[in-house]
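Novice: Below is the structure I would like to discuss, written out as structure tokens.
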Amino acid sequence: MINTMKIRLILSFVLLIYSLVCQADGGKDSYIFRKVDYQQGLSNSAVLCLFQDNTGLMWFGTYDGVNCYDGRNMEVFRSDFSAPKALSNNVIHSIQQADNNCLWISTHLGINRLSQDSRQVVGYYDFTDDYYLHSNSKGNTWVVSHGGIFYYNTSYKRFVQIKNLKVPVEDMDKRAFVTDDGVLWIFTQQTGELLQVSQDAFDCDTLSIHSTVSSTDFHAKPIEDVFYQNGVLCFIDSEHDLYVYDISRQSKIYIRNLSSLVQKNGTIAGIALFYEDIIIGFRTNGLVRLRTSQKYKEEVVDRNVRIYSIYRDPHQNVLWVASDGQGTIMYAKKYSIATNLMLNQLSSNLSRQVRSVMTDDSGGLWFGTKGDGLLHIPDYRENEEASAVTVYSPEGKQNVVSYIRWNKEFPVYKLVQSRYMDGFWIGSGDPGLFYYSFEDKALHSVENLPAQPTEIHGIYEENDSVLYVVTAGSGFHKLILEKQAGTIRFKSQKSYHFFHGQREITMFYPMLPEGDSILWLGSREKGLVRFDKRTEEYKVISLKEMLHKSVDDVLSLYRTKEGLLYVGTTSGLVCLNSNGKQMKATYIGREQGLLNDMIHGVLEDENGLLWLGTNRGLIKYNPINGSSHAYFYSAGVQIGEF
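Residue numbers for the sequence shown, in mature numbering (1 follows the signal peptide of the UniProt record, and there is no 0): -24 to -1, 1 to 618.
Right, here's the structure in full:
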């Protein structure tokens, strides 16, 4: 018999080999690093600034254009005088979030507004003399310049000046920032004073100014350096004392004096909290960490890098370093949450994605691919030798070491344990249904199958002779089977037809049972179908109509121990909570912090956390507080697509 797979994450494999293998430190909890440079398509090795947008993409501003990096591919934006709507200059000083899914690109010749949708510049703005633009993740935008302080009015699409308010502009690239509530914080030169400038709204339909300016004695001594990221402020005062200030908690913590470090290493380019430590980036002398466990004793991470800025990715706990001459460098702590088994390490001829995974009572691992067939690794926890791996298809079986691609592709979409035979069911392409017998250790087709159904993506075993199956194209079927002389034969079937808005729903991926009578079917077209096996009545539930979001393309279904139904879609995660006859839907997507919103799979662990398989990594989601953490080529995860 087969055990359903628990949270030991045998990953759905994509053939991307991650080269994150270089050690930056020989200690127990050392760092690993990877360079993102010309080999990945970076336009220039001098990276002046870093930015992570609301979708998790990384943007690099260089001496030769803007680069957008998704962990695999690089997209480059440059000035081009022969093309409209291009950057006004290639020297990029700053990249920040704007409203309406746009970015602010501060160039050597003014501010460009770049649309993340059209990938074109949709606005040009210029300020006399020096200026610094600051915004938050919502796109609330301020500019500090010699001419004064401005906010961006999203209704009029222009910058509006705050009257009678000017501050020295020197070092305002770091001494000013915008908090999550849209307030501009300014630390004036050679004082411990904090100016806070707020605006009633950024989308006023009038240009009348309703701004509030307040002044606070923030620190007893003059503040020399300011570094702000993700709601946390690190600052150094005139005595070279380092403090960390949590804005949401309004708490200030003294760390240590940095006089000896500054004297030894020179100008500080950035400070960031990284795991339990504090990382300091020096302009010409690399990275140093202050170890919390050793009373903030300094320890060199990497001396061989010139640094413009550093940024901690809050989703993945990766430290990004903008370097002068080495491109962008990614640092991560050397720890692993997963064991990776790469298909091309078993055989260079294995190239199809993994679509289904299961383990058995003997410790064997089974996984189905999108064309290379069914693979079996016996006792996978102890033995990952390729010589022990077998590949099955209707054409026979091969040892993976000598595997040659089958004449006909054998896609395996679903593996389901049987309660009534010593084996498991296999949902496939054409023909759509097979089974594996542990008794004779062989793959068998169900005999006498009709032309339909094919492309079986979900199987529910009702009893020893009845299966319900969902397909990608031919709908939902009840199959009657019979056993004869050691074989399983098709006897008859009943096909069900579901309609919504006068259109038949025929494409389904997941299926989930509820109790003894209900089956939930996930449609690729119209949301969910709730089917009652006893009465054969059905109800179509459009998540789009409930949430007014495009979430009717369903990829996965999962019911938690608490009884909540989670629906993974191509546009986010939906939680359904049924209280009596009323059903409440809640949406979780990028706006709620998910790095990616294409949810291929959902699994609950013993702590009640949800693990989401997405197009951009594995996401650990806490349904209690809404927090999430993404593993995208980090923490030992060498695969980016699940």
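All residues carry an ideal CB built from backbone N, CA and C; glycine is no exception.
#1: Kindly list the residues whose CB is nearer than 8 Å to the CB of Gly242, restricted to its own chain and excluding five residues on each side of it in sequence; keep chain order.
#2: Please tell me whether Leu33 and Cys44 are closer than 8 Å, where the distance is taken between their beta carbons.
#3: Rounded to the nearest angstrom, what separates Asp1 and Val264 at their Cα positions?
#4: Am I right that Asn140 and Leu183 are in contact with their C-beta atoms under 8 Å? What's the rounded C-beta distance?
#5: Return the chain-ordered list of same chain residues with a C-beta closer than 7 Å to the C-beta of Ser526, the five sequence neighbours on each side being excluded.
#6: Let me check understanding here. Comparing Cα to Cα, which of Gly158, Phe466 and Arg54 lies closest to Pro407?
#7: Quick check: what's the CA-CA separation for Val365 versus Ser324?
#8: Note down, in chain order, each residue of its chain lying with its Cβ closer than 6 Å to the Cβ of Thr562, except the 5 sequence neighbours on either side.
#9: Between Val119 and Thr192, what straight-line distance do the alpha-carbon atoms span, to the nearest angstrom?
#10: With a cut-off of 8 Å, does the C-beta of Tyr379 fall near any C-beta of chain D?
#11: DSSP on Val277, reduced to helix/strand/coil?
#12: Using a threshold of 8 Å, state whether the C-beta atoms of Ile464 and Val442 are closer than that.
#13: Taking the beta carbon of Ala448 as the centre, do at least 16 other beta carbons fall within 10 Å, making it buried, or is it exposed?
#14: How is Tyr411 classed by DSSP in three states: helix, strand or coil?
#15: I'd like to check one pair, His216 with Val238: are the Cβ atoms closer than 8 Å?
#16: Less than 8 Å between the C-beta atoms of Met483 and Ser499, yes or no?
#17: Determine the burial state of Asp176: buried for a count of at least 16 other Cβ atoms within 10 Å of its Cβ, exposed for fewer.
#18: In the DSSP assignment, what residue or residues form a beta bridge with Leu90?
#19: Assuming Tyr436 and Phe452 form a contact by the criterion Cβ under 8 Å, report the distance between their Cβ atoms to the nearest whole angstrom.
#20: Is it true that the CB of Asp253 sits closer than 8 Å to the CB of Leu266?
#21: With which residues is Gly477 paired in a DSSP beta bridge?
#22: Determine, using beta-carbon pairs with one atom in the segment 71 to 80 and one in the segment 102 to 117, whether at least three such pairs fall under 8 Å.
#23: Over what stretch of residues does the alpha helix (DSSP H) that includes Ser236 continue unbroken?
#24: Can you tell me where the alpha helix (DSSP H) with Met522 in it begins and where it stops?
#25: Starting from the Cα of His476, find the closest Cα among His433, Ser493, Ser6 and Asp528 and give me that residue.
#26: Which residues mark the beginning and the end of the alpha helix (DSSP H) in which Gln73 is found?
#27: List the residues that DSSP assigns as beta-bridge partners of Cys210.
#28: Specify, as a first and last residue, the run of the beta strand (DSSP E) that Asn43 falls within.
#29: Please classify Tyr132 as buried or exposed, where buried requires at least 16 other C-beta atoms within 10 Å of its C-beta.
#30: Could you give the distance in angstroms between the alpha-carbon of Leu409 and the alpha-carbon of Gln614?
Specialist: So, from the listed chains and residues:
#1: Your numbering for residue 242 matches position 266 in the sequence shown. Same-chain partners within the cutoff: Phe258, Arg259, Thr260 and Asn261.
#2: Residue 33 sits at position 57 when you count from the first residue of the sequence shown. Residue 44 sits at position 68 when you count from the first residue of the sequence shown. Taking 8 Å as the cut-off, the beta carbon of Leu33 is found closer than this to the beta carbon of Cys44.
#3: Numbered from 1 along the sequence shown, position 25 holds the residue referred to as residue 1. Numbered from 1 along the sequence shown, position 288 holds the residue referred to as residue 264. Any reading at Asp1 needs caution, since the residue's pLDDT is 41, under 50, leaving its predicted position unreliable; the model's value is listed next. Taking the straight line from one Cα to the other gives about 11 Å.
#4: Working through the sequence shown from its first residue, we reach residue 140 at position 164. Working through the sequence shown from its first residue, we reach residue 183 at position 207. Separation of the CB atoms of Asn140 and Leu183 is rounded to 16 Å, and the pair is thereby denied contact status at 8 Å.
#5: Walking along the sequence shown from the start, residue 526 turns up at place 550. Annotation for Ser526: Lys520 and Ser547 place their beta carbon closer than 7 Å to its own, counting only its chain and skipping 5 residues before and after.
#6: Residue numbering aside, residue 407 sits at position 431 when the sequence shown is read from its first letter. For the options Gly158, Phe466 and Arg54, the alpha carbon positioned closest to that of Pro407 is the one of Phe466.
#7: On the sequence shown, position 389 is the one that residue 365 refers to. On the sequence shown, position 348 is the one that residue 324 refers to. Near 14 Å, if we compare the C-alpha coordinates of Ser324 and Val365.
#8: Here residue 562 corresponds to residue number 586 of the sequence shown, with the count starting at 1. Excluding sequence neighbours, Thr562 sits near Cys551.
#9: For the purposes of this step, residue 119 is taken as residue 143 along the sequence shown, with counting starting at 1. For the purposes of this step, residue 192 is taken as residue 216 along the sequence shown, with counting starting at 1. Taking the CA atoms as reference points, Val119 sits about 21 Å from Thr192.
#10: The structure shown contains no chain D; it holds only a single protein chain.
#11: By 1-based counting over the sequence shown, the position of residue 277 is 301. Here Val277 sits in strand by DSSP.
#12: Along the sequence shown, one-based indexing puts residue 464 at 488. Along the sequence shown, one-based indexing puts residue 442 at 466. No. Outside cutoff.
#13: What you label residue 448 is simply residue 472 of the sequence shown in a count that begins at 1. When all chains shown are included, Ala448 counts as buried.
#14: Counting from one through the sequence shown, the residue named residue 411 turns up at place 435. Looking at Tyr411 - three-state DSSP - the assignment turns out to be strand.
#15: Here residue 238 refers to the residue found at position 262 of the sequence shown. Here residue 216 refers to the residue found at position 240 of the sequence shown. It is a contact, given that the beta carbons lie within the stated cut-off.
#16: Translated into positions along the sequence shown, residue 483 becomes position 507. Translated into positions along the sequence shown, residue 499 becomes position 523. The criterion of a C-beta distance shorter than 8 Å is satisfied by Met483 and Ser499.
#17: Residue mapping note: residue 176 aligns to position 200 of the sequence shown, counting from 1. By the neighbour-count criterion, in which 16 or more other beta carbons inside 10 Å mark a residue as buried, Asp176 falls on the exposed side.
#18: Taking the first residue of the sequence shown as 1, we reach residue 90 at position 114. Paired residue(s): Leu79 and Val97.
#19: In the sequence shown, residue 436 corresponds to position 460, counting from 1. In the sequence shown, residue 452 corresponds to position 476, counting from 1. Contact flag wrong, Cβ pair sits at about 10 Å.
#20: One-based indexing of the sequence shown puts residue 266 at position 290. One-based indexing of the sequence shown puts residue 253 at position 277. In this structure, Asp253 lies closer than 8 Å to Leu266 by Cβ.
#21: Here residue 477 corresponds to residue number 501 of the sequence shown, with the count starting at 1. Gly477 pairs with nothing; no bridge assigned.
#22: Pairwise C-beta distances place the segment 71 to 80 in contact with the segment 102 to 117, as three or more of them are shorter than 8 Å.
#23: Against the sequence shown, residue 236 aligns to sequence position 260. Its alpha helix (DSSP H) spans residues Ser235 to Asn241.
#24: Numbered from 1 along the sequence shown, position 546 holds the residue referred to as residue 522. Its alpha helix (DSSP H) spans residues Leu519 to Leu523.
#25: Taking the first residue of the sequence shown as 1, we reach residue 476 at position 500. With distances taken between Cα atoms, His476 lies closest to Asp528.
#26: One-based indexing of the sequence shown puts residue 73 at position 97. From DSSP, Gln73 is part of no alpha helix (DSSP H) but of the beta strand (DSSP E) over Ile68 to Gln73.
#27: Residue 210 sits at position 234 when you count from the first residue of the sequence shown. By DSSP's assignment, Cys210 forms a beta bridge with Phe203 and Val220.
#28: Numbered from its first residue, the sequence shown carries residue 43 at position 67. Here the beta strand (DSSP E) through Asn43 covers Gly41 to Tyr45.
#29: Working through the sequence shown from its first residue, we reach residue 132 at position 156. Exposure of Tyr132 is indicated by the presence of fewer than 16 other C-beta atoms within 10 angstroms of its C-beta.
#30: Taking the first residue of the sequence shown as 1, we reach residue 409 at position 433. Taking the first residue of the sequence shown as 1, we reach residue 614 at position 638. Rounded to whole angstroms, the separation of the alpha carbons of Gln614 and Leu409 is 32 Å.
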